[in-house]
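K.L.:
Have a look at this one before I ask anything.
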Amino acid sequence: MSDPTSKETGSEMSTDTAAVVTCPECGEVAAPGARFCEGCGTSLTPPAPDAGNGSGVTADGAPAPGGPPHPGLTARPGEVQEAAPPPSATVLDPDPDSGVVPAARPCAACGGRVAADGYCEACGTPAQSERDHFEEHPASWVAGVCDRGIRHARNEDAMALATGPAPGTSPDRFAALVVCDGVSSAPDSDVASLAASRAARDVLATYGPGGTPASGAPVTGGTSARIAGWTDALVASSRAASAAVVEAAASIAAGRSPEDPVREPPSCTFATAVVDGDLVVAGWIGDSRVYWLPDSGEAEQLSVDDSWAQEMIAAGIPREQAENAPQAHAITRWLGPDAPDADAHCAATVARGPGWLLVCSDGLWNYCSPAGDVLDLVHRVQEEHAGEPLAMSGALVRWANEQGGRDNITAALARLVPTGRDRGSAAQPAPAAP
Amino acid sequence: MADFTAEVFQNEFLSDGATDVHAIVTVTCSGAGTAGGVGSTSDGSTAEIIIVDTSGSMQGRNMESAKHAAAVAVDQIADGTWFAVVGGSHVAERIFPYPNARVSMVAMEPGAREEAKRAIARMAPGGGTAISTWLRMADELFSTVPAAQKHAILLTDGKNESEASVNLDRVIQQVTGHFQCDARGVGDRWVVEELRKISTALLGTVDLIAQPEDIADDFAALVQKAMSRGVAAAELRVWAPQGAQVLFVRQVAPTVEDLTARRSELNALTGAYPTGAWGDESRDYHVAVRVASRPVGSEQLAARVQLAVGGEVVSSGLVKAKWSDDDALTTRISPEVAHYTGQAELASVIQEGLAAKAAGDEATATVKLGRAVQLAAETGNDEATSRLRKIVEVENEEQGTVRLKRNTAKLDEMALDTASTKTTRVRKS
Chain A
2 MSDPTSKETG SEMSTDTAAV VTCPECGEVA APGARFCEGC GTSLTPPAPD AGNGSGVTAD
62 GAPAPGGPPH PGLTARPGEV QEAAPPPSAT VLDPDPDSGV VPAARPCAAC GGRVAADGYC
122 EACGTPAQSE RDHFEEHPAS WVAGVCDRGI RHARNEDAMA LATGPAPGTS PDRFAALVVC
182 DGVSSAPDSD VASLAASRAA RDVLATYGPG GTPASGAPVT GGTSARIAGW TDALVASSRA
242 ASAAVVEAAA SIAAGRSPED PVREPPSCTF ATAVVDGDLV VAGWIGDSRV YWLPDSGEAE
302 QLSVDDSWAQ EMIAAGIPRE QAENAPQAHA ITRWLGPDAP DADAHCAATV ARGPGWLLVC
362 SDGLWNYCSP AGDVLDLVHR VQEEHAGEPL AMSGALVRWA NEQGGRDNIT AALARLVPTG
422 RDRGSAAQPA PAAP
Chain B
394 MADFTAEVFQ NEFLSDGATD VHAIVTVTCS GAGTAGGVGS TSDGSTAEII IVDTSGSMQG
454 RNMESAKHAA AVAVDQIADG TWFAVVGGSH VAERIFPYPN ARVSMVAMEP GAREEAKRAI
514 ARMAPGGGTA ISTWLRMADE LFSTVPAAQK HAILLTDGKN ESEASVNLDR VIQQVTGHFQ
574 CDARGVGDRW VVEELRKIST ALLGTVDLIA QPEDIADDFA ALVQKAMSRG VAAAELRVWA
634 PQGAQVLFVR QVAPTVEDLT ARRSELNALT GAYPTGAWGD ESRDYHVAVR VASRPVGSEQ
694 LAARVQLAVG GEVVSSGLVK AKWSDDDALT TRISPEVAHY TGQAELASVI QEGLAAKAAG
754 DEATATVKLG RAVQLAAETG NDEATSRLRK IVEVENEEQG TVRLKRNTAK LDEMALDTAS
814 TKTTRVRKS
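Written out as C-alpha cells, the structure reads:
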C-alpha cells in the first residue's frame, strides 16, 4: 500500500513464546522471539533446522546472515505448526527511533561496521533491522528479498517461502511463495503481515509432498485435480493467514492501554504462488501480484488486483490512467479483523517452457506494472546475475529503490524448468532402487 | 568524575537535492571538580605562570597596579600548584623562582607565596617589548613540570615593538598545545589583534582592562577560573561520513572561535579539535557538513560530534540528515543555528569594520558596522549594541544604516573589538 501517511507507532509486538531462550555465547536471557542476543549480538536463530521436531522449517523464516539456506521440507511438515511459535512472536523489531538494533549486521549501503549509535561508521546510513530487510533462500531455485524501501519508516511487507525436498528440475518440485503487504494506514500492520505470510506458508507446506494437512489430503492427481486441490489449499492458507492477522490484532489490542485503543485494526494483502511440478497456482487478496514470466513468449499476470484501479481498468479506463489516479491504491479486499471475507481468488497456469515465477508487492510493480515491463526487467537482472534467484531478487529490490523506493518492496522468485513429465500425468515415480 | 552531555539542535530535514547540514551542539560539563583537586580528572598537578609586562612603558601607575595584581593572583593559586612569575620586556626574566634558583617552578606553599610576593615587589620597568621571548620562557618553564594542566596569564600595556611580528607568530605556533593562555591589555596602547592571536591559539581569552586598578580583580578571577577547571584537556571530535566534507567547526559560545583549521586527523573520517581544560560550564559548537544528496525519504548520519577526555569519548551528539519533500519541514531554520550564524557574522563584521576604520576606509567601515548594529539587534546582543553605539550614530537599527562618530575614544573601539567574539546564548522562548 502506498498510503502516504505511514505512521510510526511504538513497537508493541506480541512477545508470547513457548520457551525461555538464553544466548549460547554470553548466557543473557533473550527477549521472547529475539533473533539476536541483546547483550553480545550473537545470532539466536538455530543454524540448522531443529532436529527435535523432525522439521526442515525453522521457526524463523528469515535466515540468519551468512547462515545456510533452508534445506526445505523433509518430513511430516504437519508438526511444523505445532513446533513453531506463533508467527507474531518471531519478530523482534527494534523501535526505529530508539536506534537500538539487536543485530550487528553490516551496513546495508556500504558493508561497513554499524556503530552502537545505530549508524554506519563509514557512510552514516542508519542500521537496518532484521525486519527492515530480510532475505530467504530455501532452495537454489527459490529466493526472495523483503525491504523497507526508502520512504517508509518501517517495513510492512512480509514474505515467507518454503520448498519441498526435490530439486528444482524434478517433476516433484514444490514451492510456496507468500507475500503480504501491510496496509500502512493501520498501525502494526508489519506484525500482521509477517504473521499472515508465515501462517499461509506453513499451511501450504502441509498440502505439499509428504505433508499432512489439518483438513483434506495432500494435493495429488492429474493437472485439473491438482488445480482444484491447490485452489482449496490456497483458500485454506488465506484463511489461516486471516486468522493469524486477527490473532496478531487481538494481542496488539490487549497490549494497549485503554486510553490508546487501536483505531484501525492491522490488515494486509495476500499474494501466493504454489509450484507443483510444472503447475503454478496463484492465490491473492488485494493488490500484491503473481507474474509468470517465461523465457520466451508472453508474460502473464496471474493475479487480478482487488483494487479500485483494477475495477476502473475492468470498466475500460486505460491501465496507466487508472493506476496513477489518487485512489488507485485503494484495495477492495484485504486480510484483517474488518475484512468481509478471507478466501483467496485463484488462477492457475502450466509452465510450457522455462521461466520465472515472481510474487511481489506493489513497491516493485508500481514502477513496472505491465507484465511485459516486468518481463524485461527480470530478464535484465537475470543476465546481470547469471540467473541466481537471490541475487536477482536483491537486484529487483535495488532497482525499485533506485526508482524512488516510495513503498516497501518485496520480490520473490522461483525458477521453473519444466520437465514435461508432470507427475500427475504419469504414475508416481517409484523411489530409486538401491 | 566529570560528567559530559552533548545536545544537538538542528533542522535535520533537507529538501530534495540539498547537501549542507548545520547543527549547534551544546556540550555541558558538570562535576568537573577543581584543578588538581578531588574529583579532578587530571593527574593531580597543575601549573600556573603569571607573565607581567615590565617594559619601560609600564612605568608609573601601570607597573604598580600590575605588581599588585600579580601578588593578588599569587594569593589565589592553590597550594600544591606549580607556579612561576615571569617579567617581560625585550627579553624575558624569571622573577620567581629567583633567577639563581635551581628549579624552574616551585610547588605553591605559604612560604613560597610570601617569597614570590617579595620578588614581585622588586620588579622594575625598563626595556622594550618582545612578547615571543615571554612565551618561550613560559614554555620552557612549563616543560620542566609534569603538570597535566598548564595555564598562563599574560599582561601587557603596549605594542609588540621590539621584534618582527613573524617572530611572534612563529613562537605562538611552537608553543601551541603546550599550555593555555589568557591575554590582557591594560590602557589603550596595546594592539587587540596581537593579543587575540595569542589567546586564540592558546585557547584562552583576550580582554581589555581600561583602568590599572582593575587588573587585580581580573587576575584573581582568571586564576580562580583556571583553578576550577577539573578536566585537564579535552578534544572535540567530529566524524563525517565517507565522501562528506566538514565545511567548518566553530565554537560559538561563550565566544566565537573558528576551530576548522585546528583539525588534527584522528582517522580518515574523524578530526580532533583541542578544547583546552573544562570546568563546570557549557560550550556551543556550530558544525557544518556537506554530504552528497540522497533520495527523498533517505536518512543519513551527517556527523558525530563527540567530546573526548584522555582519548576516551565521554559524550556524543548525532547530527542527522533526512531528505524530505515536505516544505513545511525543510524550510524551517533551526533558531539555534540562525542565532549563532548571526553572532559569528557579528563578530567578523565588527572586526572588519574596525580594521577598515583604522585603515581610513570609512565607506567599508560604515557598511560593516551598520551590518553589526543590525545583527546585534537581531540576535539580542545588547552588550554589542551598546558598545557599537559608542562608535557609530545609528540611523536605522533594523536596516543597519549608521554614520561613523567623529572623535571616538580609542578605548571604546578596543573594547568593542575585544568583546566582538563574545556571544549571547539563544533566548529560550
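As you go down the protein sequences, you meet chains A and B in turn.
Be aware that the first sequence starts at 2, since it is given in my numbering, and climbs by one per residue.
Be aware that the second sequence starts at 394, since it is given in my numbering, and climbs by one per residue.
Note that the Cβ used here is the ideal one computed from N, Cα and C, for glycine as well.
Nothing here was measured: the structure is a model prediction, and the numbers come from that model.
#1: Quick check: Phe271/A and Trp293/A, are their CB atoms within less than 8 Å of each other?
#2: Using a beta-carbon distance below 8 Å, is Thr126/A in contact with chain C?
#3: What does Ile151/A reach in chain B if we use C-beta pairs closer than 7 Å?
#4: Would you mind sorting Ile565/B into buried or exposed? The rule is 16 or more other CB atoms within 10 Å of its CB.
#5: For Val568/B, collect the residues of the same chain with a Cβ closer than 6 Å to its Cβ; drop the 5 residues on either side in sequence, then sort them by chain order.
#6: Does Gly57/A pass the burial test, meaning 16 or more other C-beta atoms within 10 Å, or should it be called exposed?
#7: Out of Val698/B, Ile743/B, Ala613/B, which has the shortest C-alpha to C-alpha gap to Ala758/B?
#8: Using three-state DSSP, classify Asp550/B as helix, strand or coil.
#9: Would you call Lys815/B buried or exposed, if buried means 16 or more other Cβ atoms sit within 10 Å of its Cβ?
#10: List in chain order: all unbroken alpha helix (DSSP H) runs of 4+ residues lying wholly within the segment 224-312 of chain A.
#11: By Cβ distance below 6 Å, which residues in the same chain neighbour Ser289/A in space, the five residues on each side in sequence not counted?
#12: When Cβ atoms are compared, which residues of the segment 109-120 of chain A fall closer than 7 Å to chain B?
#13: Among residues of its own chain, excluding the 5 on either side of Ala477/B, which ones have a beta-carbon nearer than 6 Å to its beta-carbon?
#14: Beta-carbon of Ser408/B versus every beta-carbon of chain A: anything under 8 Å?
#15: Can you give the beta carbon distance from Val418/B to Val698/B, rounded, assuming they're within the 8 Å contact cut?
#16: Which residues, in chain order, does the segment 399-421 of chain A contribute to contact with chain B at a C-beta distance below 9 Å?
#17: Run the CB neighbour count on Lys798/B, radius 10 Å, all protein chains shown included, and call it buried at 16 or more, exposed below.
#18: Provide the residue span of the beta strand (DSSP E) that contains Pro139/A, from first to last.
#19: Can you tell me the Cβ-Cβ gap for Val375/A and Cys369/A, rounded? I've got them flagged as a contact below 8 Å.
#20: To which residues of the same chain is Arg106/A closer than 7 Å at the C-beta, ignoring the five residues directly before and after it?
#21: Within 10 Å of its beta-carbon, does Thr526/B have 16 or more other beta-carbons around it, so buried, or fewer, so exposed?
#22: Would you call the segment 190-200 of chain A and the segment 156-170 of chain A in contact, with 3 or more CB pairs under 8 Å?
#23: Measuring only the C-alpha atoms, how far is Ser99/A from Leu694/B?
#24: Counting contacts by CB-CB distance shorter than 8 Å, is Leu694/B in contact with chain A?
#25: Given a threshold of 16 other Cβ atoms within 10 Å of its Cβ, counted over all protein chains shown, does Lys906/B qualify as buried or as exposed?
#26: Assuming Arg320/A is part of the alpha helix (DSSP H), what are its boundary residues?
#27: Give the DSSP bridge partners of Leu700/B, in chain order.
#28: Does any residue of chain A bring its CB to less than 8 Å from the CB of Leu659/B?
#29: Taking 8 Å as the threshold (C-beta atoms), are Thr653/B and Arg630/B in contact?
#30: Quick one: grab the DSSP three-state call for Lys618/B.
#31: Closer than 7 Å, Cβ to any Cβ of chain A: which residues of the segment 629-655 of chain B, in chain order?
#32: Report all residues from its chain with a CB closer than 6 Å to the CB of Leu640/B; omit the five preceding and five following residues, and keep chain order.
#33: Report the neighbours of Ala123/A on chain B: residues whose CB is nearer than 8 Å to its CB, in chain order.
#34: Do you know whose CA, among Tyr666/B, Met501/B, Ile524/B, lies nearest Phe489/B's CA?
#35: Compare the C-beta of Leu352/B with all C-beta atoms of chain A and state if any pair is closer than 8 Å.
#36: Between which two residues does the beta strand (DSSP E) containing Asn660/B stretch?
P.N.:
Walking through what the data contain:
#1: no
#2: The question asks about chain C, but that chain is absent: this structure's protein chains are A and B.
#3: Pro688, Gly690, Ser691
#4: buried
#5: Leu528, Asp532
#6: A caution first: Gly57/A carries a pLDDT of 32, below 50, which makes its placement in the model unreliable, though a value can still be read off. Label assigned to Gly57/A: buried.
#7: Ile743/B
#8: coil
#9: buried
#10: 224-255
#11: Val180, Asp182, Thr270, Ala272, Ser362
#12: Asp118, Tyr120
#13: Ile442, Met498, Leu534
#14: no
#15: 4 Å
#16: Asn402, Glu403, Gly405, Gly406, Arg407
#17: exposed
#18: 134-140
#19: 5 Å
#20: Pro66, Val115, Ala128, Gln129
#21: buried
#22: yes
#23: Summary for Ser99/A: the model assigns pLDDT 45, below 50, so the residue's position carries little reliability; its value from the coordinates is reported in the next sentence. Whole-angstrom Cα-Cα distance: 14 Å.
#24: yes
#25: No statement about residue 906/B is possible, as the shown extent of chain B runs from 394 to 822 and does not include it.
#26: 320-324
#27: Leu629/B, Ser708/B
#28: no
#29: no
#30: helix
#31: Pro634, Gln635
#32: Ala681, Arg683
#33: Pro634, Gln635, Leu662
#34: Met501/B
#35: Here chain B comprises residues numbered 394 to 822, so residue 352/B is not present and cannot be evaluated.
#36: 657-660
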